[in-house]
Structure formats: structure tokens, C-alpha cells
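Residue numbers (this note's numbering): 1234 to 1322. Written below as C-alpha cells is the structure these notes are about.
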Amino acid sequence: MNFNKCVRCGSFFASSDNICPNCQHKDKVDMISIRNYLANNELPQNIEMLSSQSGVSVKNINRYLKTKEFSDIKESFFNANPSNIGTSL
Ligand SMILES: [Zn+2]
């Protein structure tokens, strides 16, 4: 069995995921917060603004933007301002 370090809380857990089971739930809640925010508001100018408006950390938003579920949001940010999406993605 593999032990991985959770990228969100830093705890070790037995799985091949990057995220521990506790944080998977928190990620889901965060993703819903971001979706809800964007459903009711214009796309913020940058990820920092989305973070302060939605209460989700920039680090976590950047992580979500790498997922397939958030590829449309990533594209919106990129179309709004290509410098929003750094080379880290
Ligand atoms: Zn965790």
C-alpha cells in the first residue's frame, strides 16, 4: 500500500491520491463555493480576487484549475487575461 502526503493538509494517508479523504470533502465544498460565486457574479479579474470573494485560498484555486472539472473556469480566466494563468499550470 502506498502512503502519500496530502497536498492540502500535509497529513500522510494510504492512497494513491494527492488529497486525503478529509480534504477531498473540503475540496468539494470549496469547489461548490467557487461555482456558486461564479454563477451569481461576474468573473473576477484575477485568481486573487476570486480567492478573496469566495473565501477559497489562491493555492487551492490554482490546484482546482488544474482539474478537468475546472477546465472551463481556467479557460475563462485565460481568455479574460492570459497572465492570470501562470506557467505553473
Ligand atoms: Zn488532507
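Even glycine gets a Cβ: it sits at the ideal position worked out from N, Cα and C. Since the model is a prediction, treat every value here as computed from it, not as a measurement.
Heavy atom of ligand 1 less than 7 Å from the Cβ of residue i, yes or no?
| i | result |
| --- | --- |
| N1255 | yes |
| R1241 | yes |
| S1316 | no |
| I1265 | no |
| S1249 | no |
| S1244 | yes |
Please work out which residues of its chain come closer than 8 Å, Cβ to Cβ, to residue i, disregarding the five sequence neighbours upstream and downstream, and give them in chain order.
| i | result |
| --- | --- |
| A1313 | L1276, Q1278 |
| S1266 | S1287, G1288, V1289 |
| N1235 | A1247, S1248, S1249 |
Can you list, in chain order, the residues of its chain with a C-beta nearer than 6 Å to that of residue i? Leave out the 5 residues immediately preceding and following it.
| i | result |
| --- | --- |
| K1238 | F1245 |
For residue i, which three-state DSSP category applies?
| i | result |
| --- | --- |
| K1261 | helix |
In angstroms, rounded to a whole number, what distance separates the CA positions of residue i and residue j?
| i | j | result |
| --- | --- | --- |
| N1317 | F1311 | 6 Å |
| F1295 | P1254 | It should be noted that the sequence gives Asn, not Phe, for residue 1295. Spanning the two alpha carbons is a distance of roughly 20 Å. |
| R1268 | S1285 | 14 Å |
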